[in-house]
Amino acid sequence: VLLLKIRATRSCRGISLKTQELYALVFICRYLDLFYSYISLYNTVMKVTYLATAFSIVRYMRFDKVVRQTYDKEQDTFRYIFLIAPCALLALVLNHRFSPTEVLWTFSIYLEAVAILPQLVLMQRTQNIDNLTANYVALLGAYRGFYILNWIYRFATEKHYRQWIVWISGVAQTALYADFFYYYALCWKANQRLQLPA
Amino acid sequence: QGPAGSHDEL
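Structure (structure tokens):
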């Protein structure tokens, strides 16, 4: 959806580069297992797709002659360090196994949960949020939200399915969107363009 | 599949 917006409108107005770069980092740290484990063709294809789209978006926003001029750097002020440092620290302390790949994987889980924050802050500052941006954020929130249903199903049907780090992070991630979803639903019902209160 | 085994979700 986001690539569609950027390519079709030749603009990344209202999109946080910080959030996009955090997602690229999340996928790098999480999908290192592409090199040493195979789950299914679907799983591999999706991992490669996420990496490719994340890097493509960052490339457009940073280097495309037209698109980069529509990036509002002054408004996108969230500091990386405030998200990366606590997640890194937490991953070092709270993990299933203290190995490099496992700690990086855990870090990616924590970081993904909060990676939307720069985007949410930027949207609060944006007067006219375009529909594609609003829909993109809604879909991103719904994506992890729907996992919760899948986790409940798997917990009930699979014997050794215990993933508390993933569950807590996923629920926290979804909760961060609660406020956004509330206003998204209100505006959708009223058939109005999304506006977030300051 | 244990908790620290293969992570089969995306």
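So the protein lines, in turn, are chains A and B. With my numbering applied, the first sequence covers 283 to 480. With my numbering applied, the second sequence covers 658 to 667. Note that beta-carbon positions come from the ideal geometry of N, C-alpha and C, so glycine has one too.
Exercise. Taking the continuous alpha helix (DSSP H) assigned at residue 453/A, which residues delimit it?
Worked result: Residue 453/A sits at position 171 when you count from the first residue of the first sequence. Note, residue 453/A: alpha helix (DSSP H), 446 to 458.
Problem set entry | Of the residues 315/A, 365/A and 350/A, the one placed nearest residue 296/A, counting alpha carbons only | Reading the first sequence from its first residue, position 14 is the one you call residue 296/A. Considering only alpha carbons, the answer is 350/A.
Exercise. Taking the continuous alpha helix (DSSP H) assigned at residue 413/A, which residues delimit it?
Worked result: The sequence position of residue 413/A within the first sequence is 131, counting from 1. Note, residue 413/A: alpha helix (DSSP H), 413 to 439.
For this session: Look at the alpha carbon of residue 410/A and the alpha carbon of residue 467/A, and state the distance between them as a whole number of angstroms.
Result: In the first sequence, residue 410/A corresponds to position 128, counting from 1. In the first sequence, residue 467/A corresponds to position 185, counting from 1. Straight-line Cα distance between these residues: approximately 17 Å.
For this session: Determine the extent of the alpha helix (DSSP H) in which residue 400/A is found, giving its start and end residues.
Result: On the first sequence, position 118 is the one that residue 400/A refers to. Segment 399 to 407, the alpha helix (DSSP H) holding residue 400/A.
Problem set entry | Segment contact, 8 Å Cβ cut-off, at least three pairs: the stretch 381 to 400 of chain A with the stretch 326 to 335 of chain A | no
Exercise. If you measure from the beta carbon of residue 338/A to each beta carbon in chain B, is any gap under 7 Å?
Worked result: On the first sequence, position 56 is the one that residue 338/A refers to. No, no contact with chain B.
For this session: Determine the chain B residues that contact residue 319/A at a beta-carbon separation under 8 Å, and present them in chain order.
Result: Here residue 319/A is taken as the residue at index 37 of the first sequence, counted from 1. Near residue 319/A (Cβ distances below 8 Å), the residues of chain B are 663.
Problem set entry | Members of the stretch 366 to 393 of chain A that neighbour chain B once the beta carbon cut-off is set at 7 Å | 378, 379, 384 and 387
For this session: For residue 343/A, decide whether its Cβ has a neighbour in chain B, counting only Cβ atoms nearer than 7 Å.
Result: What you label residue 343/A is simply residue 61 of the first sequence in a count that begins at 1. For residue 343/A, the nearest beta carbon of chain B is not closer than 7 Å to its own beta carbon.
Exercise. Would you report the Cα separation of residue 320/A and residue 346/A, rounded to the nearest angstrom?
Worked result: Position 38 of the first sequence, counting from 1, holds the residue named residue 320/A. Position 64 of the first sequence, counting from 1, holds the residue named residue 346/A. If you take the alpha carbons of residue 320/A and residue 346/A, they lie about 35 Å apart.
Exercise. What does a CB cutoff of less than 8 Å around residue 462/A pick up in its chain, not counting 5 residues either side in sequence?
Worked result: Taking the first residue of the first sequence as 1, we reach residue 462/A at position 180. For residue 462/A, where only same-chain residues beyond five positions count, the Cβ hits under 8 Å are 402, 405, 419, 420, 423 and 478.
For this session: Tell me, please, whether the CB atom of residue 405/A is closer than 7 Å to any CB atom in chain B?
Result: Taking the first sequence and counting its residues from 1, the one referred to as residue 405/A is at position 123. So, not an interface residue.
Exercise. For residue 311/A, which residues from the same chain have a beta carbon less than 6 Å from its beta carbon, with the 5 sequence-adjacent residues on both sides left out?
Worked result: Here residue 311/A refers to the residue found at position 29 when the first sequence is read from its first residue. Close CB contacts of residue 311/A within its chain, under the 6 Å cut and outside five residues either way in sequence, are with 386, 389 and 390 (chain order).
Exercise. Are the beta-carbon atoms of residue 358/A and residue 299/A separated by less than 7 Å?
Worked result: Indexing the first sequence from 1 puts residue 358/A at position 76. Indexing the first sequence from 1 puts residue 299/A at position 17. Yes, they are a contact pair.
For this session: Just the C-alpha distance for residue 376/A and residue 369/A, rounded to the nearest angstrom, thanks.
Result: Working through the first sequence from its first residue, we reach residue 376/A at position 94. Working through the first sequence from its first residue, we reach residue 369/A at position 87. Rounded to whole angstroms, residue 376/A to residue 369/A spans 10 Å at the Cα level.
Exercise. Just to confirm, are residue 400/A and residue 301/A a CB contact at a threshold of 7 Å?
Worked result: The residue labelled residue 400/A in the question sits at position 118 within the first sequence. The residue labelled residue 301/A in the question sits at position 19 within the first sequence. Yes, the pair counts as a contact, with Cβ atoms nearer than the cut-off.
Problem set entry | Partner residues on chain B for residue 315/A, Cβ-Cβ distance less than 8 Å | The sequence position of residue 315/A within the first sequence is 33, counting from 1. Within 8 Å Cβ-Cβ: 663 and 664.
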